[in-house]
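Asker:
There are 2 protein chains.
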Amino acid sequence: MSKTSLTRRKFLAAGGAGALGAGFAATPAIASGAREWKMVTSWPKGAPGVGVTAQRLADRITLMSGGKLTVKLYAAGELVPALEVFGAVGGGTAELGHTASFFWQGKAKASVFFTTVPFGLTSLEHMAWINQGGGQELWDKLYQPFDIKPFMAGNSGMQMGGWFKREIKSLDDLRGIKIRSAGLGGDLYEKLGATAVLLPPGEIYPGLQSGLVDAVEFLGPWSDRAFGFYKAAPYYYWPSFNKPNGTAECLVNRQAYDSLDDDLKAVVANACQAENAVGLTEAEWENARALADLVANKKVEVREFPADLISKAKELTPALIDGFVAGDAMAEEILKSYRAALDLSQSWSRVGREAYFAARDR
Amino acid sequence: MSKTSLTRRKFLAAGGAGALGAGFAATPAIASGAREWKMVTSWPKGAPGVGVTAQRLADRITLMSGGKLTVKLYAAGELVPALEVFGAVGGGTAELGHTASFFWQGKAKASVFFTTVPFGLTSLEHMAWINQGGGQELWDKLYQPFDIKPFMAGNSGMQMGGWFKREIKSLDDLRGIKIRSAGLGGDLYEKLGATAVLLPPGEIYPGLQSGLVDAVEFLGPWSDRAFGFYKAAPYYYWPSFNKPNGTAECLVNRQAYDSLDDDLKAVVANACQAENAVGLTEAEWENARALADLVANKKVEVREFPADLISKAKELTPALIDGFVAGDAMAEEILKSYRAALDLSQSWSRVGREAYFAARDR
Numbered sequence: 001m002s003k004t005s006l007t008r009r010k011f012l013a014a015g016g017a018g019a020l021g022a023g024f025a026a027t028p029a030i031a032s033g034a035r036e037w038k039m040v041t042s043w044p045k046g047a048p049g050v051g052v053t054a055q056r057l058a059d060r061i062t063l064m065s066g067g068k069l070t071v072k073l074y075a076a077g078e079l080v081p082a083l084e085v086f087g088a089v090g091g092g093t094a095e096l097g098h099t100a101s102f103f104w105q106g107k108a109k110a111s112v113f114f115t116t117v118p119f120g121l122t123s124l125e126h127m128a129w130i131n132q133g134g135g136q137e138l139w140d141k142l143y144q145p146f147d148i149k150p151f152m153a154g155n156s157g158m159q160m161g162g163w164f165k166r167e168i169k170s171l172d173d174l175r176g177i178k179i180r181s182a183g184l185g186g187d188l189y190e191k192l193g194a195t196a197v198l199l200p201p202g203e204i205y206p207g208l209q210s211g212l213v214d215a216v217e218f219l220g221p222w223s224d225r226a227f228g229f230y231k232a233a234p235y236y237y238w239p240s241f242n243k244p245n246g247t248a249e250c251l252v253n254r255q256a257y258d259s260l261d262d263d264l265k266a267v268v269a270n271a272c273q274a275e276n277a278v279g280l281t282e283a284e285w286e287n288a289r290a291l292a293d294l295v296a297n298k299k300v301e302v303r304e305f306p307a308d309l310i311s312k313a314k315e316l317t318p319a320l321i322d323g324f325v326a327g328d329a330m331a332e333e334i335l336k337s338y339r340a341a342l343d344l345s346q347s348w349s350r351v352g353r354e355a356y357f358a359a360r361d362r
Numbered sequence: 001m002s003k004t005s006l007t008r009r010k011f012l013a014a015g016g017a018g019a020l021g022a023g024f025a026a027t028p029a030i031a032s033g034a035r036e037w038k039m040v041t042s043w044p045k046g047a048p049g050v051g052v053t054a055q056r057l058a059d060r061i062t063l064m065s066g067g068k069l070t071v072k073l074y075a076a077g078e079l080v081p082a083l084e085v086f087g088a089v090g091g092g093t094a095e096l097g098h099t100a101s102f103f104w105q106g107k108a109k110a111s112v113f114f115t116t117v118p119f120g121l122t123s124l125e126h127m128a129w130i131n132q133g134g135g136q137e138l139w140d141k142l143y144q145p146f147d148i149k150p151f152m153a154g155n156s157g158m159q160m161g162g163w164f165k166r167e168i169k170s171l172d173d174l175r176g177i178k179i180r181s182a183g184l185g186g187d188l189y190e191k192l193g194a195t196a197v198l199l200p201p202g203e204i205y206p207g208l209q210s211g212l213v214d215a216v217e218f219l220g221p222w223s224d225r226a227f228g229f230y231k232a233a234p235y236y237y238w239p240s241f242n243k244p245n246g247t248a249e250c251l252v253n254r255q256a257y258d259s260l261d262d263d264l265k266a267v268v269a270n271a272c273q274a275e276n277a278v279g280l281t282e283a284e285w286e287n288a289r290a291l292a293d294l295v296a297n298k299k300v301e302v303r304e305f306p307a308d309l310i311s312k313a314k315e316l317t318p319a320l321i322d323g324f325v326a327g328d329a330m331a332e333e334i335l336k337s338y339r340a341a342l343d344l345s346q347s348w349s350r351v352g353r354e355a356y357f358a359a360r361d362r
């Protein structure tokens, strides 16, 4: 195993150890009443999807504020490492962060519910839970001890199931396979008989080539194509029972946020809401285009997961999640709210969106 | 037939005759550099969904601008009638309007493609077409001759099929039925053998009671419950093959928009994008809650449309739309773009969202 590859548990612990001691320093005024804020991110410079979204978010705030609040973006590693964004914002090294909540489960276990959950809410349903179903209040409460105010600020949308070197004809074919996976999705693969390995994005393709892993579950066609996974693993499986959503978050240092006048508070909140929606539609559009290209020009074999695999995964998920939250009162409270939102959304989707898709595909 | 009820064609013609002659007057400055804009709407004061969205949109702009641009909202009829919003904004009577594009097909036929289309794009797919697929550029081009810049600014989401007094067990049961419906959806009901009648919202419930109509296709459970349709027509059908989306639009007088500095242009655009997303998630959340309530507490019979009705409706739709655009070059150009977006989105939904719903419902 490569020295830089990590088991999931170690990777999360490393993220968890990233808290910075630096206190929040007053923002320097660059003109009368003007501020300059730093936004640290977990993404490589200009990364398709998340990197572009982070830059647009910074630009929206800068432009709308009319020069009163200028945001400068830092790619992963430029100011702090990718997995120290949470600590850097809470500690005041940067006023803003753009990242994903499931990186922080070593600090606050329940953070995993604010990115994506196996067999959980789709993007629109997740956004409705945050906006209308009490999700935002719980998220605020979860991050409050870390001096952070979170906003949804981007979304990678519906994912794919993953890339496999060999065809998966039944659940048995998963046994013993080493798959790159993350979070609760990785835990679920372990329950299904595979071995989950968390590799940072840059190491996945080499890992597939070298045989370090036999499969990879990452994002959707847009992002996956850019990483070239199809060159080493030709079978691309659907549906993504593991990651039906992909919320990105904007973290704001609480003291920095509270120091803003109401107009600039609204500028930050609206910029996040606007980019959350536009980032999502961009991901959906580009995923659709990339999938068509992968099939037409890259000889990718697009396959449906076998029924016994999906059934077993669905059967195992509730107990897996119950076990994950057990003993953490905050995680138990958030799971309760999440499940209520899921019940409600699922009932409506059955006769709404889901039934419509079936009619349209007739 | 009630004197105020109208056939669809007359209703649209009335909307089409609403252009106002008033030229655009310079906005009065209420303080140094401060402006006050009027927003006229097609909605009753505080109407669930659209009315709330319009008020929040006005408030977002006012708050973010820090007093530089204050927006005052006018309900339908307060300044101009509901169906004169387009002419009022283009003519400069108001700088902003909040309405829905399918009201304006008497002026610009292709406007119908920017609200919802039978067997067309779902909300997320529609937003992706507008944001990334060239839809915004075509919409701008369509409204340019009317001196209007359009933005998406709210969404009533996935709809239901409609309320019927009697059970619909096959396509035959639709023959001769008088149904309240609108736009291309109404045309489709006519092709299916029903008679489409366009009644303004306030006249639908009395019309159902009096027997003027036997059925009503309006919006989703949230809005439909408020109008009390369930008291006169107990069968509530799904899926909504007619209206899989419900985009609301913010119209901006072109000269007024061009007169803004870049920061305020961005404030208006971001406010629309933010409210577009939040309005949509609110509709989805409240529709889910209202449907559960209608079933549990209002004794509503929720039924699936018979298969032969859905199949026939799908079969008839392409020719219906081709006939609608025929001879209108702009409408033909927009339909071509819309259909390309639909093909792309449908391919991705099949292995993405749609397949995921099936796995989750297993």
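Chains H and U, in that order, give the protein sequences. Here the first sequence is numbered in my numbering, starting from 1 and rising by one per residue. Here the second sequence is numbered in my numbering, starting from 1 and rising by one per residue. Glycine included, every Cβ here is placed at the ideal spot set by N, Cα and C.
Could you tell me if Pro-318 of chain U is buried or exposed, where buried requires 16 or more neighbouring beta carbons within 10 angstroms of its beta carbon?
Answerer: So Pro-318 of chain U counts as exposed.
Asker: Throw me the rounded Cβ distance for the Ala-274 of chain U and Ala-274 of chain H pair, which I believe falls under 8 Å.
Answerer: Contact holds; Cβ gap of about 5 Å.
Asker: Chain H partners of Phe-119 of chain U, CB-CB under 8 Å?
Answerer: Result: Ala-359, Arg-360.
Asker: Thinking Thr-41 of chain H and Ala-88 of chain H are a contact (beta carbons under 8 Å), I'd like their distance in whole angstroms, please.
Answerer: Wrong, their Cβ atoms sit about 10 Å apart, outside the cutoff.
Asker: For Leu-344 of chain U versus Trp-43 of chain H, is the C-beta distance shorter than 9 Å?
Answerer: The answer is no: Cβ separation not under 9 Å.
Asker: Assess contact between the region 321 to 329 of chain H and the region 325 to 338 of chain U, defined as three or more Cβ pairs (one per stretch) separated by less than 8 Å. Is contact present?
Answerer: Flag = no, the region 321 to 329 of chain H and the region 325 to 338 of chain U do not touch.
Asker: Classify Lys-243 of chain U: buried if its beta carbon has 16 or more other beta carbons within 10 angstroms, exposed otherwise.
Answerer: Buried is the call here.
Asker: Roughly how many angstroms lie between the CA atoms of Leu-171 of chain U and Ala-194 of chain U, to the nearest whole one?
Answerer: Answer to the nearest angstrom: the Cα atoms are 10 Å apart.
Asker: Taking one C-beta from the region 300 to 316 of chain U and one from the region 141 to 156 of chain H each time, how about it: are there three or more such pairs within less than 8 Å?
Answerer: Touching, no, given that fewer than three Cβ pairs across the two stretches are closer than 8 Å.
Asker: With a Cβ-Cβ cutoff of 9 Å, do Glu-137 of chain H and Pro-239 of chain H count as a contact?
Answerer: No; because the gap between Cβ atoms is not below 9 Å, this pair is not in contact.
Asker: Cβ closer than 7 Å: which chain U residues qualify as neighbours of Ile-310 of chain H?
Answerer: Simply Ala-359, Arg-362.
Asker: Are the CB atoms of Glu-78 of chain H and Ser-349 of chain H within a distance shorter than 9 Å?
Answerer: In this structure, Glu-78 of chain H does not lie closer than 9 Å to Ser-349 of chain H by Cβ.
Asker: Please determine if the region 246 to 254 of chain U and the region 175 to 189 of chain U are in contact, where contact requires at least 3 C-beta pairs separated by less than 8 Å.
Answerer: Not touching, per the Cβ criterion.
Asker: Quick one: Cα of Leu-199 of chain U to Cα of Met-152 of chain H, how far?
Answerer: Cα-Cα distance, rounded: 40 Å.
Asker: Who does Glu-190 of chain H pair with in a DSSP beta bridge?
Answerer: Looking at the DSSP assignment, Glu-190 of chain H forms no beta bridge with any residue, so it has no partner.
Asker: For my contact list, Arg-353 of chain U and Thr-122 of chain H are in at a C-beta cut-off of 8 Å; report their separation, rounded to the angstrom.
Answerer: Correct: roughly 6 Å between the Cβ atoms.
Asker: Work out the CA separation of Gly-246 of chain U and Thr-116 of chain U for me, nearest whole Å.
Answerer: If you take the alpha carbons of Thr-116 of chain U and Gly-246 of chain U, they lie about 6 Å apart.
Asker: Excluding the 5 residues preceding and the 5 following Ala-233 of chain H in the sequence, name in chain order all residues of the same chain whose CB lies nearer than 6 Å to its CB.
Answerer: If we look at Ala-233 of chain H and ignore the five residues flanking it on each side, its Cβ neighbours are Trp-163, Phe-164, Lys-165, Leu-208.
Asker: Residues of chain U with a CB under 8 Å from the CB of Met-314 of chain H: which are they?
Answerer: Checking the displayed sequence, the identity of residue 314 of chain H turns out to be Lys instead of Met. Here the neighbours are Ala-359, Arg-360, Arg-362.
Asker: Could you tell me the distance, in whole angstroms, from the CA atom of Lys-45 of chain H to the CA atom of Cys-250 of chain U?
Answerer: Going from the Cα of Lys-45 of chain H to the Cα of Cys-250 of chain U covers about 35 Å.
Asker: Taking the alpha carbon of Ala-54 of chain U as the reference point, which residue from U:Ala-226, U:Tyr-230, U:Val-71 has its own alpha carbon closest?
Answerer: Among U:Ala-226, U:Tyr-230, U:Val-71, the Cα nearest to that of Ala-54 of chain U is on U:Val-71.
Asker: Closest to Gly-157 of chain U by CA distance: which of U:Ile-310, U:Val-278, U:Ile-61 is it?
Answerer: Comparing Cα positions, the closest option is U:Val-278.
Asker: State buried or exposed for Ala-296 of chain H, treating a residue as buried only when at least 16 other CB atoms are found within 10 Å of its CB.
Answerer: With fewer than 16 Cβ atoms within 10 Å of its Cβ, Ala-296 of chain H is classed as exposed.
Asker: On the CB-based measure, 16 or more other CB atoms within 10 Å of its CB, does Lys-169 of chain H come out buried or exposed?
Answerer: Per the 10 Å Cβ criterion, exposed.
Asker: Which of helix, strand or coil does DSSP assign to Asn-253 of chain H?
Answerer: Of the three classes helix, strand and coil, the one that applies to Asn-253 of chain H here is strand, per DSSP.
Asker: Closer than 7 Å by beta-carbon distance: list the chain U residues that pair up with Met-158 of chain H, in chain order.
Answerer: Chain U residues near Met-158 of chain H: Gly-352, Arg-353, Tyr-356.
Asker: Apply the 10 Å Cβ neighbour rule to Glu-217 of chain H and answer buried if 16 or more other Cβ atoms are within range, or exposed otherwise.
Answerer: Flag for Glu-217 of chain H reads buried.
Asker: Taking any Cβ of chain H, which residues in the region 49 to 61 of chain U have a Cβ under 7 Å from it, in chain order?
Answerer: Against chain H - using a Cβ distance shorter than 7 Å - the residues of the region 49 to 61 of chain U are Arg-60.
Asker: Using a C-beta cutoff of 9 Å, does Trp-238 of chain U count as contacting chain H?
Answerer: So yes, Trp-238 of chain U belongs to the interface.
Asker: Return the chain-ordered list of same chain residues with a C-beta closer than 8 Å to the C-beta of Val-213 of chain H, the five sequence neighbours on each side being excluded.
Answerer: Contacts found: Lys-178, Ile-179, Arg-180, Val-197, Leu-199, Ile-204, Gly-207.
Asker: Within the continuous beta strand (DSSP E) that includes Phe-164 of chain H, where are the two ends?
Answerer: Looking at the DSSP string, the run of the beta strand (DSSP E) that includes Phe-164 of chain H is 162 to 164.
Asker: Measure the Cβ-Cβ separation of Asp-262 of chain H and Leu-73 of chain U and say whether it is below 9 Å.
Answerer: Contact: no.
Asker: Taking the beta carbon of Gly-92 of chain U as the centre, do at least 16 other beta carbons fall within 10 Å, making it buried, or is it exposed?
Answerer: Buried, by the Cβ-count rule.
Asker: Just to confirm my understanding: we take Ala-29 of chain H, look at its own chain, exclude 5 residues before and 5 after, and list those with CB closer than 7 Å. What are they?
Answerer: Only weak support is given to the placement of Ala-29 of chain H: the predicted model assigns it a pLDDT of 45, under 50, and the value that follows is read from those uncertain coordinates. These residues qualify, in order along the chain: Arg-35.
Asker: Within the continuous beta strand (DSSP E) that includes Arg-180 of chain H, where are the two ends?
Answerer: Where Arg-180 of chain H is concerned, the enclosing beta strand (DSSP E) stretches over 178 to 180.
Asker: Compare the C-beta of Ile-30 of chain U with all C-beta atoms of chain H and state if any pair is closer than 9 Å.
Answerer: Any reading at Ile-30 of chain U must be qualified, since the residue scores a pLDDT of 47, below 50, and its modelled position is unreliable; the value itself is stated next. Output row for Ile-30 of chain U: interface = no.
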